[in-house]
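Enquirer: So in UniProt numbering, the last one in the sequence shown is 120, and the numbering has no gaps at all.
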Amino acid sequence: MAKRILIVDDAAFMRMMIKDMLTKGGFEVVGEAENGVKAVELYQELKPDLVTMDITMPEKDGIEAVKEIKQIDPNAKVIMCSAMGQQMMVMEAIQAGAKDFIVKPFQQDRVVQAVEKLLK
């Protein structure tokens, strides 16, 4: 069975790009959220195997969303997606419970590799 993934990014273009990469990599994208509030709601509803989470978003950023998701499910697997120059935020996200991070602009092999590593 394909592993189920929730994609969280405030940019529709980025969600589409990640979805395309993951689908080609053999994963099933079960949901998309444009902010941290929606991410937490969808996590509870869909119970995905993994979440890709943007850091900078309106309403609730990725770090706050990771903290909430980890409270709901301590075993949640979250990969942070960050732009260059967000190293401090990436460290904060890892401390909040994220398992890995990928840097924009994304390279398909790196995205698929990070997801596969966490889902083994």
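Just so you know, even glycine gets a beta-carbon here, dropped at the ideal spot from N, CA and C.
G97 and V115 - do their beta-carbons sit closer together than 8 Å?
Expert: With respect to G97, V115 sits apart: the two C-beta atoms are not nearer than 8 Å.
Enquirer: Can you pull the DSSP bridge partners for M53?
Expert: Residue pairing for M53: DSSP places it in a beta bridge opposite V8 and M80.
Enquirer: Using alpha carbons as the reference points, say which of I94, M88 and M80 lies closest to K104.
Expert: If you compare the alpha carbons of I94, M88 and M80 with that of K104, the shortest gap goes to M80.
Enquirer: Is it the case that the Cβ atoms of P48 and G36 are separated by a distance below 8 Å?
Expert: No; because the gap between Cβ atoms is not below 8 Å, this pair is not in contact.
Enquirer: What residue range does the alpha helix (DSSP H) around A98 cover?
Expert: Neither: A98 is in no alpha helix (DSSP H) and is coded neither H nor E.
Enquirer: Which two residues bound the contiguous beta strand (DSSP E) that contains G31?
Expert: E28 to A33
Enquirer: State the Cα-Cα distance for the pair K99 and A12, rounded to the nearest angstrom.
Expert: K99 and A12 have their alpha carbons spaced roughly 24 Å apart.
Enquirer: Over the uninterrupted alpha helix (DSSP H) stretch that includes K104, give me the two end residues.
Expert: From DSSP, K104 is part of no alpha helix (DSSP H); its letter is neither H nor E.
Enquirer: According to DSSP, is D109 helix, strand or coil?
Expert: helix
Enquirer: Just the Cα atoms here: how many angstroms apart are residue 150 and Q87?
Expert: Lying outside 1 to 120, the shown extent of the chain, residue 150 is not represented and no answer is given.
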